Every structure is written in C-alpha cells, then in structure tokens.
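In our numbering, the protein residues as written are -4 to 294.
Just so it is clear, CB atoms sit at the ideal spot from N, CA and C, and this is done for glycine as well.
Keep in mind the model is a prediction, meaning the values are calculated, not measured.
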C-alpha cells in the first residue's frame, strides 16, 4: 500500500462523522485469540499491550537488549568480512574480540558471503560468553537485524519464505538463535562502522575490523585459550594491548603471554625461539602476538 493511498484511507475513516471506531469484541487484537463470552456480554474492558506481544514474537529471548547492559561480565566486538585478496580471490572471515585482545578469529573456507561471516561471528561470541552477562557490538545492520528484528520470525515460519523456498542463510540463523540462549544476559548493539574516534566502542570495533581483515586476507586462524574476564571502560589493565611495544623486552613479555595454540601456530610457520627467548621467523623477523594486531596490522 502506497503512502498516498494509506493517507486517503486514514482521512476517510478518521474524518467522516458517520464512521465510528470500536474495539473488536470477537478477537483480542493483541493475541488474536477469541474473547471470553463473559467479556462480550458484559462489555468488560480488558487490557492488552500490542507492543509487548509484538516484541515477544520478534525477539529470540524476552530479555535481550539493544543497548549496552548496565552490568557486564564482558564486552565483545564482532566483525565479519568478505574481501578480495591481491589476486582477486574472494575470501571471508570473522573475528570476536574484546578491547584487550582477540578471543577468536579465522578465515572461512568455502564461504563467500559477508552476511554468513557476520552470523558466524555473532554465534561464536555467544558461545564464548556462556553463563555470562555480555554486550556484543557489531557494525553490520544484517547481523543486528537478524537478532533484534526478523530472525525469530523466520524461525516461527520454519525458515521458509512465502513462496515455499528456504530463507537465505537459514542454517546460520538457526545456529545463532540457539547460541543467543547461552549467555546469562545479553545485549546485541549496533555501532557505527569505520569511525576514527578514540572512544571505547570505536576502538574496540576498529580492532575487530583489523583482525578480521588480517585473518581473512592471510587465510589464518587464531583462537585464544583464555576465559573472558570482567571489563570496564576505565579498566587500566586494558592499556597493555592498546599501545605500541617500546622495547624488545616488552615484546618478549607479550610473546610469553601468548597461548599455547598461538605458539604452536608460530612453530607451524617455521618460527623459532632464540636463546634469549625472543620468537623470530626464519628470516629473523620479529613475531608479533595477537594482542598487537590492532597496532601493526594496517591493510
């Protein structure tokens, strides 16, 4: 229905003195269930909240928020990308990060869709926050909309369109809707993309974007073996991962804090640990741990 036709109908219905509007006494407009006979006979007024019922039908869980939780066990930033490498090959990848470092990031083999990559990133973030209070930031409208707007509607319709064909990315949406139930409390928040500000959200989102690009274009995967810890915007311990290394001793310290899986990945790439405990490549180049990607991975 066009806006012009809708305006015409509203004018006729609301502006005609011989037309009156009354509540339907057959169906409850909020639930679409029949009204009890006692209510009809007595013309008893009953209360209903259409907005509340609509939200219950569109939200994967009733307590999900679209703004940052007041109390968080962790705040994560996710990103999914689909890029072309130097030879024109299309590659996809995702990242799940905190402001302090990376939780998980990987390129996605046989995936060529930014939407799928974003859904996978959100799913991984939920799995990383089991039984925690978590706020997840994303700069993709598709991922945010899947959680907050239409994902649950597709679930109620069996992930089928009105024409009877499967919805796009149905399996990934199904996995995400299941994963959303895992955190104790959850908020999925839409933030602005490619913002150069130095605020907490912009820096975290920018870090996730850089990690995603790095892993996607280089076809590598990282998964940190550490638990999510409580974080706040004023936590001074977060500064370690946000500044450039000044000395080799500081780099050595950060390398020593890398997970066992990360160090094994260095070994697979023929990197070695020198007598002074500093990790270097075959060519003698310094090995940077994942926590420094936001400072050095400029694509």
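Item, Value
"Continuous beta strand (DSSP E) assignments of at least 3 residues falling wholly in the region 86 to 139", "96 to 103, 128 to 133"
"Residue 74 - DSSP class collapsed to helix/strand/coil", "strand"
"Residue 186 versus residue 178: straight-line alpha-carbon distance, rounded", "21 Å"
"Cβ neighbour criterion (16 or more within 10 Å) applied to residue 201", "buried"
"Which residues DSSP lists as bridging residue 145, in chain order", "Per DSSP, none; premise fails for residue 145."
"From 135, 271, 210, 29, residue whose alpha carbon lies closest to that of residue 86", "210"
"is_contact[residue 127, chain B] using C-beta, thresh 7 Å", "Checking the listed chains, one finds no chain B in this structure; it contains a single protein chain."
"Presumed contact (8 Å Cβ cut-off) between residue 115 and residue 167, rounded CB distance", "6 Å"
"Own chain partners of residue 181 with C-beta closer than 6 Å, once the 5 adjacent residues on each side are dropped", "59, 129"
"Pairwise C-alpha distance: residue 264 and residue 333", "With the chain covering -4 to 294 only, the question about residue 333 has no answer from this structure."
"Delimiting residues of the beta strand (DSSP E) encompassing residue 185", "180 to 185"
"Cβ contact check for the region 269 to 288 and the region 246 to 255: 3 or more pairs under 8 Å", "yes"
"With 16 other Cβ atoms within 10 Å as the buried cut-off, status of residue 110", "buried"
"Inter-residue CB distance, residue 72 and residue 199 (contact presumed, cutoff 8 Å)", "4 Å"
"Which residues DSSP lists as bridging residue 281, in chain order", "275"
"Residue 207 beta carbon less than 7 Å from that of residue 90", "yes"
"Residue 50 to residue 62 span [Cα, whole Å]", "15 Å"
"Nearest candidate by alpha-carbon position, reference residue 139, set 103, 268, 55, 257", "55"
"Euclidean distance between Cα positions of residue 83 and residue 102", "16 Å"
"Residue from 99, 65, 277, 203 whose Cα sits closest to the Cα of residue 188", "203"
"For residue 53 and residue 195, the rounded distance between their alpha carbons", "30 Å"
"Residue 98 beta carbon less than 7 Å from that of residue 124", "no"
"When 212, 118, 142, 216 are compared against residue 184, the one with the closest alpha-carbon", "142"
"Contact check, residue 171 vs residue 118, beta carbons under 7 Å", "yes"
"CB contact flag (residue 112, residue 217, <7 Å)", "no"
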